Each structure stands twice: as C-alpha cells, then as structure tokens.
Amino acid sequence: MARRTTNVFSLSFLDAMTCGFGAVVLFFMVINAAVGTRADQVTGDLKAEVDRLEQEVLEGHEDLVELRNSLRVVDQRDVEARGLSRQIIENIEDLQVELATYENTTLAQEEHVNRLMADLKSLEESNRRLSAAVPEDEEPPGDRLRSFIGDGDRQYLTGLKVGGQRILILVDASASMLDETIVNIIRRRNLPDARKVQAKKWRQAVATVDWVTTQIPPSSRFQIYTFNETAGSVVPDSDGQWLDGGDKEVLDDAVERLSGVVPGKGTNLYRAFTAIRRLQPGPDNVILLVDGLPTQGKVSPRSRTVSARERLKLYNKAVDELPRGFPVNVILFPMEGDPQAPSAFWRLAMATRGSLLSPSKDWP
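Just so it is clear: in the sequence shown, position 81 is 92 by our numbering, and no numbers are missing.
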C-alpha cells in the first residue's frame, strides 16, 4: 500500500490554535488577577463606607432621641403657653367688661357730682366757721389715751361726733379701696398683698380710723369691722363682742390689725349691716368708712357687671337691713364712676341724724 502523505498545513493550524488558546487562557488569568485585586480594594472601600454610614445611622438615632425629647418639652411649653394665653384672654375680657361698665357715665352725671362736691365744700366751710365756737382748752376725751399726728396742717371741725357708749367703726375693705380710678384699681388688685396694703387710699382709710379711735371716750366700748363680700371684726375671736375703749393696748392692737388687712373682692353693704345685729347690745353710734355704692347683695350676682341702677337697688336693700335707733356717720372716700353715692349716703346720714364727711387727700 502506498503511505499517507503528511499534510503540513494541518499541523500548522493545530499549533496556531493551541497557541491562541494558551494566549486566551493567559490573558484571562491576568485579567482575573487584576479584577480580584481591584475587587478587594473596592470591597475595602465599600466596607469603610458601610462602617461610616452605620456610625452616621447610630448618631442619627441619638439625635432623633434628643429631638423627640426636645419636641416633648416644646409640646409641654406649648400647652402651658396656650393655657396662659387663655387665662390672659379671659382677664382681658373681664377688664373690658369692667371698663365698659364705667364708660356709661354721662356728662349729666358728672355735673351732678360737681354739684354735690360744691355742696360738700359749702358744708366744710360751715364747719370751719363753727370751729371758732369751740373752746381752745377743751380736749377730746379720746386724746387722753391715744394721740394722732397727721401729715397735713388742717385743723378744722369735721362735724363728726365720736360719742356714745358702744361705737362701731365699719370699714370698706373691698378692692375699690385700692385707688380712686377704675384703671388703677384693676392694676393694683393684681399686685402682691404687701403692695396692696401700701395703697395711698387704703392708708388714708387706716389713718382715718386711727384718728377716730383717738376721739373715743375712755368710758365707751368699741368694735372695728371690715367688710367686702363678708363682714367681721379685725380682732380675732371678737365677733359680736365689744372691746374696751379705755384700754390703750386694745385700741392700738385693733388699729394695727386693721393696717394689715388686704383690700380685695366686691362691696357687700348688706353683709356689713346684717353683721351689726350680731353685736349685743347693739351700737349707739356707727361710723361708716366707704367709697361707693355696693356691688353685691344678699344673693351673689349672676353677671360680672353691675349697672348704676342695680347698685342703687342693692344699696336700698342693704339699708332696709340696717337696725334703727342710732346715728350713722359716713366718711366717704372718692371714687370715679359712682355719682349717686354721695347723695345716697348723705340721705342715710340725715335720716339717722348722723353726718357725712368727704375728707381731703391730706386728711387727717
């Protein structure tokens, strides 16, 4: 048989294919090694990034907790602020209602007040003329126990008779005794108690009572009652009892306790007059220190405001409860927005054979 001839082309092709495959394998290995190195590097970077992000997440959680706590505090303050805001709004509404009540004073009422003040000045002039008839060596009985030195230089007859065996001093201790004007009364009633008792109008009322007690005869008995929405003695545990007017220490103690009373609340003349009935035996002389008509009566008012007509009705009902048989001497302090008070209390003084005194700012 003839021998097969070798095909050179076939061997060369196989060599070429083998070399090419080897080259591909080598290239793949090189690429794979480079990719592995790069992957490790990228993985390290990503891990660091993950760690950083986890740290930020932890810090974010901590910040979130702090923010939630802060939010709770803010919410609590918001609730408190809303409550305070409602309270302030209610106070403003109350003040507006009170101010609106006194804005109804007409020009005719003001003229009426001016006429009454002119009448009072005329009476004071008459009292000054009468003072010339009083002997200079005649000394009030009460001065033998207590003395009063005023700041002013007025020395004239007041027309106020401080006599009798049982003398009752009734002092208005309502909020209106803090000042003469409505605006200042509203402002002062929100002050601390230590500031309230230093109000100029109230200090004058206390000084007036101090002066009255110097005129009490030593043989007489006395009592000092204050009234606002209730009425009672300034001396504890002495309601319905008379105190010794001949005991200087008792007089001093009563005046000292009065100076510590804090004016406040409404004016209830009904309670003041009914309290007189608790004194047994009854008084034979009443000295009433007041600045206007009452704002309350036997029954608590339903409305926050009281008109001038309603105040006059409350006054008349209170007078109906006043026991009879003794003079009522009225010391009337100034108060704006109450033009009917001077004439009403003047009629009371005249009907009981007492007197009406409207003191000047530097008296006594």
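Here a beta-carbon is modelled for each residue, glycine too, at the ideal position from N, C-alpha and C.
Keep in mind that this is a model prediction, so the values were computed, not measured.
Straight-line gap, residue i to residue j (C-alpha atoms, nearest Å)
i       : j       : result
Lys-372 : Ala-362 : 27 Å
Gln-234 : Glu-135 : 28 Å
Ala-184 : Asp-86  : 43 Å
Asp-56  : Glu-65  : 14 Å
Val-90  : Ile-100 : 15 Å
Ser-23  : Val-61  : 55 Å
Ala-329 : Gly-365 : 18 Å
Ile-42  : Ala-34  : 12 Å
Met-40  : Glu-67  : 40 Å
Arg-199 : Ala-186 : 9 Å
Gly-348 : Ala-355 : 14 Å
Val-245 : Leu-181 : 10 Å
Assigned secondary structure, residue i (DSSP; H/G/I helix, E/B strand, else coil)
i       : result
Ser-270 : helix
Asn-125 : helix
Ala-287 : Checking the displayed sequence, the identity of residue 287 turns out to be Ile instead of Ala. Helix.
Gly-365 : coil
Thr-54  : helix
Ser-183 : In the sequence as displayed, the identity of residue 183 is Asp instead of Ser. Residue state, collapsed to three classes: strand.
Asn-279 : coil
Gln-234 : strand
Val-341 : strand
Ser-244 : strand
Candidates the options: closest to residue i by CA position
i       : options                               : result
Gly-174 : Ser-354, Leu-367 and Asn-340          : Asn-340
Ser-231 : Ile-342, Ser-270, Val-310 and Asn-296 : Asn-296
Leu-300 : Lys-212, Gly-71 and Thr-54            : Lys-212
Pro-228 : Arg-214, Ser-244 and Leu-262          : Leu-262
Phe-337 : Lys-172, Arg-88, Ala-34 and Leu-82    : Lys-172
Val-266 : Ala-355, Asp-221, Asn-327 and Asp-250 : Asp-221
Gly-243 : Asp-258, Ile-287, Pro-274 and Asp-302 : Ile-287
Trp-374 : Ser-249, Val-217 and Gly-251          : Val-217
Asn-327 : Ala-352, Glu-191 and Gln-107          : Ala-352
Exposed unless 16 or more other CB atoms sit within 10 angstroms - verdict on residue i
i       : result
Leu-69  : exposed
Phe-32  : exposed
Ala-205 : exposed
Arg-282 : buried
Gln-307 : buried
Met-188 : buried
Thr-29  : exposed
Gly-303 : buried
Gln-291 : exposed
Specify whether the segment 235-244 and the segment 272-281 touch according to this definition: at least 3 beta carbon pairs, one from each stretch, less than 8 Å apart. Touching, per the Cβ criterion.
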